[in-house]
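One structure is given below, encoded as structure tokens.
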Amino acid sequence: MKHNLLTYVMIAAGVTSFVACSNDDDNSNPSVKPYTVPTTYSFNNASYTTSTQRVKMAIELDAYLKLANAGATVVPLDQAKVTNMWANSGNPFADASLNTSGKSLREVTSDADLYKAYADSVVRYNIATPAAPGVGGLVPRGANKIIVGPRGLEYGQSFVKGIMGGLYFKEAVRILGSVKTVAARDTTAAQKLWDEAFGYLAVPANYDSSLAYPNTDPNRPLLWGGYLAERGKSIQAGGIIFGAFLKGRAAIGGYDTKVRDEQVDIILAKWEQLAAAAALNYVTAPTASSAIGNFGTQLHALSEGQGFIAALKYRANNNKLSPANFATLSAIINKDFYVLLNQPGFTDLVTAQTILKTAYGL
Amino acid sequence: MKKISLVAFLVVALATVFYACSKSDGGDDGPGTGQGFDKSAMLASYADNLIIPGYTALQQQLANLKTASDAFLAAPSEGTRATLKQAYTAAHLQYERVAAFQFGPAESALLDLFVNFSGGLDYNFNTSGELTGFSVDSNKIEQNITAGGYTFTNMVRSSFYSQGFPALNYLYFGPNAIDKLNADPVKRKQYINDVLARFKALVDKVAGDWPAYRAGFIANTKTDVGSPIGSMINQFAYQMDLLKGPRIGWPFGKQSNGIVFASKTEAYFAGISGALAVENITSLKKIYTNNGNGKGMSDYLVALGKQSLNTDVLAQFDLVIARLQAIPDPLSASLTGNAAAVEAAYKEIQKLLTLLKTDVPSATGVQITFMDNDGD
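Residue numbers (full-length UniProt numbering), protein chains in the order written: chain P, 1 to 362; chain F, 1 to 376.
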């Protein structure tokens with residue numbers, strides 16, 4: 001008797017879903033079914049190789065540019081190598097799977113010419129000239145050095161933080177935005193997009209925001225993933241973004257577009273806030289007495305800040321940061337750094353701090 | 001049967017969803033809050049017993065220094081300079097007692113940079129040239145004196161190294177200081193007086209700002225970045241880093257494969273670097289315990305259940321103080337003449353640094369923010 005009842009229910013359900021699937025109008029999506037949110041990103045068909053490859057490419061290019069920072073004397077860099085790593089031509093990567101990936105950093109980066117020019121400028125100013133206001137060259141930083149332009153911008157930082165915004169964050173915004181337009185029944189398409197966006201966060205599938213990953217750990221979070229802990233602890237960025245990626249991915253499988261779309265909003269809001277928190281840190285740190293007088297420390301921080309402020313250009317909407325406030329931030333961080341650092345009371349940097357704190361509740 | 005298992009499955013699934021959600025923002029929490037300990041009373045006690053009186057005392061010592069300086073400048077001689085040196089030493093020792101209060105009003109005024117620049121923690125003695133550590137930019141000072149029209153507000157190293165204690169130390173006690181004063185009295189005396197006036201204005205500003213700042217200071221009992229407790233614990237670590245680096249370790253050659261930089265000791269020309277280091281660390285212990293009045297950071301640690309850590313910290317403070325006291329002044333001479341004593345002190349400083357920069361911040365949930373910890 002019980003079996004029979006269940007059978008009827010199942011048949012009825014099957015009929016319903018058959019009817020639903022054969023219907024093409026907007027109310028045609030299947031109803032939500034129960035789904036489980038795992039604690040790791042271990043979904044059966046999860047695949048985000050392309051994203052991971054682009055992260056690895058940036059890591060290799062960044063590491064190459066940073067070779068020049070070692071020691072006190074000039075370490076020559078090869079411009080052709082930089083160009084090849086940017087475009088993935090001529091087998092430039094140590095990881096051979098990147099060379100044959102058919103993917104490149106260049107192809108998906110917004111404002112690509114600008115960021116490429118930053119990378120090229122590292123090579124250009126990698127010369128045995130001490131930097132000074134108006135003169136690009138080397139600035140000591142501890143026992144090593146940084147390479148800056150005539151206005152104090154450390155191009156290696158504006159490059160890598162710049163593409164964190166112009167490539168990975170921008171792509172996540174674009175992709176997750178498009179997930180919202182995918183019909184509930186089209187789970188495979190939505191999952192594929194979702195995975196691609198998740199890959200740009202660059203955390204391991206078993207990410208744990210409570211862990212401190214040593215930088216020797218091959219499984220460690222990279223780029224944005226690293227910043228979840230580095231600048232996002234106080235806003236719980238790691239737990240919230242990773243949790244939302246898990247929940248939204250599971251929701252897709254359950255046809256639960258409402259929860260899916262909520263997770264998109266959570267991820268993008270928190271990711272944007274993370275960029276703002278990092279920017280706030282880097283426009284604040286150079287004004288501390290422990291940093292003042294050390295251009296190596298100050299210019300490095302401001303250059304990171306410049307990159308994170310640039311990332312806000314690619315934000316999903318203006319809900320938090322108004323276009324006018326973004327324009328003010330950009331104008332400040334694109335001034336001559338030596339001027340910013342010699343203002344009594346750091347008026348401009350304090351203005352930037354205030355905008356970031358107010359807009360993002362930091 | 002199937003129905004039951006279906007229900008069971010749903011329950012498990014829902015429970016999993018619930019569990020996953022509640023877990024998702026975990027991992028970012030700080031440690032316990034030390035309930036029952038009155039953090040506000042601790043902060044009020046710091047403000048009223050150590051910080052505000054410390055700056056008042058510094059104002060007084062600067063007034064005494066001005067009097068002794070006037071007498072010296074009126075008649076530069078070894079005799080007037082001996083009196084001056086007592087006043088200078090008293091002022092510099094008093095500065096060590098407030099050095100660790102470099103937050104709030106002192107940070108707004110950038111007091112430490114403009115009156116006792118340490119060179120920071122990111123400049124390498126071996127590779128970054130002359131202007132590192134507790135140096136003096138004598139070229140800049142002489143240039144300023146000759147050319148006039150100088151400004152003290154530029155936020156670059158040459159500016160920090162040509163005012164405050166570094167400049168006074170050089171102008172009072174540097175090579176041929178008395179002869180130079182007699183040779184070019186007007187401009188040189190003017191410069192000294194301008195340095196003293198600038199010094200006084202900065203300290204007056206900090207001392208004057210504290211009473212109004214106090215209310216917010218004692219009301220904020222959080223431990224996040226920029227909070228009073230967070231700032232104080234950062235300063236414990238920062239002062240230890242200065243001790244390990246510019247005050248003792250780097251002049252001793254710890255950054256330069258043993259090559260000693262004797263002239264980069266604090267107040268080198270006055271020859272009181274050892275006494276200043278002892279005063280600095282003794283004051284730091286006094287701040288840590290709030291002079292043992294039961295309302296100190298040490299008591300807060302105990303309230304957090306970190307009794308044994310606190311015991312270790314106190315014992316290590318005493319060990320560092322004893323080892324530093326065993327180094328005869330001038331420290332600049334002891335770096336080579338008494339290297340074993342310096343090495344012994346350095347070893348203990350490193351241990352105290354670890355306790356104050358790693359264990360205490362972790363026990364109190366404070367993030368150390370003065371270092372660029374990116375690794376990039």
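Cβ atoms here follow ideal geometry from the backbone N, Cα and C, with glycine treated the same way.
Residue i vs residue j beta-carbon contact at 8 Å
i, j, result
"PHE242/P", "TYR282/P", "no"
"ASN193/F", "GLN239/F", "no"
"LYS54/F", "ARG97/F", "The identity of residue 54/F in the sequence shown is Gly, whereas the question assumes Lys. Yes; because the gap between Cβ atoms is below 8 Å, this pair is in contact."
"PRO211/F", "LEU43/F", "no"
"LYS264/F", "THR127/F", "no"
"ALA278/P", "ARG220/P", "no"
"ASN263/P", "ALA244/P", "The sequence given here has Gln at residue 263/P, not Asn. Yes, they are a contact pair."
"LYS56/P", "ASP95/P", "yes"
Exposure of residue i, with buried meaning 16 or more beta-carbon neighbours within 10 Å
i, result
"GLY361/P", "exposed"
"LEU176/P", "buried"
"GLY208/F", "exposed"
"ALA63/P", "exposed"
"LYS180/P", "exposed"
"THR109/P", "buried"
"VAL195/F", "buried"
"SER22/F", "Reliability of the predicted coordinates at SER22/F is poor, the pLDDT of 34 falling under 50, and no value is obtained from them."
"GLN35/F", "exposed"
"ASN23/P", "Note that ASN23/P scores a pLDDT of 38, beneath 50, so its modelled location is shaky; the value from the coordinates is reported in the next line. Looking at its Cβ environment, which holds fewer than 16 other Cβ atoms inside 10 Å, ASN23/P is exposed."
Any chain F beta carbon closer than 8 Å to residue i
i, result
"ALA279/P", "no"
"PRO218/P", "no"
"GLY293/P", "yes"
"residue 365/P", "Here chain P comprises residues numbered 1 to 362, so residue 365/P is not present and cannot be evaluated."
"PRO150/P", "no"
"ALA288/P", "yes"
"ASN342/P", "yes"
"ILE267/P", "no"
"PRO140/P", "yes"
Interface flag, residue i vs chain P, CB-CB below 8 Å
i, result
"MET297/F", "no"
"LEU110/F", "yes"
"ASN257/F", "no"
"VAL153/F", "Here the sequence assigns Thr to residue 153/F, which means Val is not the residue at that position. Judged by the 8 Å Cβ criterion, THR153/F is in contact with chain P."
"GLY120/F", "yes"
"PHE252/F", "no"
"LEU113/F", "yes"
"VAL156/F", "yes"
"GLN316/F", "no"
"SER138/F", "no"
"TYR172/F", "no"
"SER128/F", "yes"
"PHE370/F", "yes"
"GLU266/F", "no"
"ASN124/F", "yes"
"ASP224/F", "yes"
"THR217/F", "Here residue 217/F turns out to be Phe, not Thr, going by the sequence shown. With 8 Å as the cut-off, PHE217/F does not count as an interface residue toward chain P."
Same chain, Cβ closer than 6 Å to residue i, five either side skipped, listed in chain order
i, result
"ASP299/F", "none"
"LEU319/F", "GLU348"
"PRO330/F", "GLY271"
"ASP241/F", "LEU121"
"LYS187/F", "ILE145"
"ALA276/P", "LEU356 and TYR360"
"ALA250/P", "TYR35 and VAL37"
"LEU314/F", "none"
"ILE51/F", "PHE101"
Proximal residues to residue i (C-beta, below 7 Å), its chain only, five neighbours per side dropped
i, result
"TYR88/F", "LEU65, LEU168, TYR172 and ALA270"
"residue 383/P", "Here chain P has residues from 1 to 362 only, and residue 383/P is not among them."
"LYS103/P", "THR50, GLN53, ARG54 and ASN88"
"ILE252/P", "THR187, ALA190, GLN191, TRP194 and ARG260"
"ALA285/P", "ALA291 and ALA301"
"GLU154/P", "ILE146, ILE147, VAL148, LEU299, HIS300 and SER303"
Close Cβ partners of residue i (< 8 Å) along its chain, the five nearest in sequence each way excluded
i, result
"MET155/F", "LEU110 and LEU113"
"GLN350/F", "LYS244"
"THR129/P", "VAL135, GLY136, GLY137 and LEU138"
"GLY26/F", "Annotation note: pLDDT 33 at GLY26/F (below 50); position unreliable, coordinate value reported separately. No residues qualify anywhere along the chain."
"ILE235/P", "LYS270, GLN273, LEU274, ALA277 and LEU362"
Presumed contact (8 Å Cβ cut-off) between residue i and residue j, rounded CB distance
i, j, result
"VAL82/P", "ALA119/P", "5 Å"
"MET164/P", "GLY293/P", "Not really, about 29 Å apart at Cβ, beyond 8 Å."
Any non-hydrogen atom of the ligand SAM within 7 Å of residue i CB
i, result
"SER256/F", "No copy of the ligand SAM appears in this structure; indeed no ligand is present at all."
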